[in-house]
Amino acid sequence: MNTDPMQRRVEEALASAVGEGGEVGLQVAAYWGGELVVDASAGLADPRTGRRVDSGSLFHVFSCGKAVTATAVHLLAERGRLDYDSPVARYWPEFGVLGKESITVRQVLTHTSGIPRLPDATTLGELCDWERVCEELCGLSPLWPPGASTGYHGLTFGWILGEVIRGADGRHVRDMVAQDVLGPLGLLDSVALGGLAESMPARTAAHLEDGVVPESARLDAPADETPCAAWANHPGYLDACIPATATATAEGLARLFASLAGGVGPGRDRLLPAERVAAAVLPAVDAVDLFSGSRVRRGLGYLLGRLRLPAGDEVDVFGHHGLGGSIVFADPVRGFSFALTKNNLTGRPFAGGAVDLATRAMGMAVDFLLP
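Each residue of the sequence shown is one higher than the one before, starting from 358 at the first, in the working numbering.
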């Protein structure tokens, strides 16, 4: 399979985004038919030192991590260890109080549980303390009747499902994901739910807020008053397990999604059966999100979308995006997966157009790779 033209064109697009579009450091990876067809990078991992991005650079991809944790939930469901429609309290009894008794695993996966946020005064240091956060969650009441509305569960998604995983499996979510999701795919060096103290700063990118590396975060400061780039640069935060978020390479994310979208490698190794993936990406929510005010389509832990290829074909995809512009998604029909990671966190879209770049890469795959 000759993928050189695809690789060159993606490299050119990334170089342009860095040189002219205001991006700082970028990675893109894509799989097609189980094989890595693009693995490109450009720019600086750390503008303070001049360290360049390479294929092994780790970026904090924020809510792309939700897809990793959701995949672990689906793996346990496939093994018969948990049921989507069981109450969370079946696996985490302490959670089932103050109106949360009936909240189901499915409602957490679809952001309809009514427990979308921690108290406003929660500090960054408290976010890094698993047991402290879980105590806070047990003390909350739903903001709406469970299942009645949808509102993005920015961070609570990860801890609630993490405790479901621990109750169903017996292992902490970080260990279960490492041993049963990442390990079998050879991703232990490429995707992480925390545990990065030893990788700082050798592989982890420095994150910027609108082109500037922020001052170091204070663990005693309210998290919602701290720039998210400062979170992503703090060793304590990157070492903590906050499983609504993750740190990863683009290749690692793309490989994980390739394993869901048809398999990886010559043997097309799959993490989950096709039937389980198909059920997980059926539309479960198609409604206006209470917080964003935008209409969203969600499966079980994944966002659902549709891309229009350059030739005009429309493609249904599933995946997740992360604050600041990182994204991962897959098309299970064609066995295509795509990931983009970046370190300049802005309110603007990726300078090269992440979705546009993905559709062009996918269009090139159709042109170059199909007989």
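Built from N, CA and C at the ideal position, the CB exists for glycine as well.
Do residue j and residue i have their beta-carbon atoms positioned less than 9 Å apart in this structure?
| i | j | result |
| --- | --- | --- |
| phenylalanine 416 | glycine 437 | no |
| glycine 609 | valine 548 | yes |
| serine 694 | arginine 612 | yes |
| leucine 500 | leucine 475 | no |
| glycine 456 | serine 412 | no |
| threonine 606 | alanine 386 | yes |
| leucine 466 | valine 430 | yes |
| valine 530 | cysteine 485 | no |
| valine 375 | alanine 402 | no |
| histidine 316 | leucine 702 | The chain is shown from 358 up to 728; residue 316 falls before or after that span and cannot be answered. |
| histidine 468 | arginine 655 | yes |
| glutamate 377 | lysine 699 | no |
| leucine 576 | leucine 481 | yes |
| leucine 657 | alanine 636 | yes |
Using C-beta distances below 6 Å, list every residue in its chain close to residue i, excluding the 5 sequence neighbours before and after it, in chain order.
| i | result |
| --- | --- |
| glutamate 451 | Cys495 |
| glutamate 483 | Arg489 |
| glutamate 368 | Ala397 |
| serine 470 | Ile460, Gln464, Pro503 |
| glutamate 582 | none |
| alanine 644 | Thr507 |
| valine 642 | Thr467, Thr507, Arg655 |
| arginine 408 | Ala402 |
| aspartate 673 | Arg663 |
| tyrosine 448 | Val521, Gly524, Ala525 |
| phenylalanine 419 | Thr602, Gly679, Leu680 |
Enumerate in chain order the residues of its own chain whose CB-to-CB distance from residue i is below 7 Å, with the five nearest sequence positions on each side excluded.
| i | result |
| --- | --- |
| proline 444 | Gly453, Glu458, Ser459, Ile460, Thr461 |
| proline 732 | The structure shown does not extend to residue 732, since the chain spans only 358 to 728, so no value can be given for it. |
| aspartate 596 | Gly551, Gly552, Leu553, Ala554 |
| glutamine 364 | Val395, Ala397 |
| arginine 633 | His431, Glu435 |
Go ahead and label residue i buried or exposed: buried means 16 or more other beta carbons lie within 10 angstroms of its beta carbon, across all protein chains shown.
| i | result |
| --- | --- |
| threonine 360 | buried |
| valine 685 | buried |
| glutamine 536 | exposed |
| threonine 428 | buried |
| proline 541 | exposed |
| alanine 534 | Checking the sequence, you will find valine at residue 534 rather than alanine. With 16 or more Cβ atoms within 10 Å of its Cβ, valine 534 is classed as buried. |
| glycine 681 | buried |
| alanine 546 | Note on identity: in this sequence residue 546 is aspartate, with alanine being the wrong assignment. Result: exposed. |
| threonine 604 | buried |
| valine 425 | buried |
| alanine 370 | buried |
| serine 649 | exposed |
| glycine 391 | buried |
| serine 651 | exposed |
Determine, using beta carbons only, whether residue i comes closer than 9 Å to chain D.
| i | result |
| --- | --- |
| alanine 607 | Here chain D cannot be found, since the structure has a single protein chain. |
Quiz item: Counting only runs that start and end within the stretch 510-543, where is the alpha helix (DSSP H) found for 4 or more residues in a row?
Solution: 513-526, 530-533
Exercise. Mind listing, in chain order, the continuous beta strand (DSSP E) runs of no fewer than 3 residues lying wholly within the stretch 552-640?
Key: 603-605
Quiz item: Does the stretch 518-532 touch the stretch 581-597, meaning 3 or more C-beta pairs lie closer than 8 Å?
Solution: no
Self-check item: Completely contained beta strand (DSSP E) runs for the stretch 386-461, where each covers 3 or more residues
Solution: 392-403, 416-419, all fully within the stretch 386-461.
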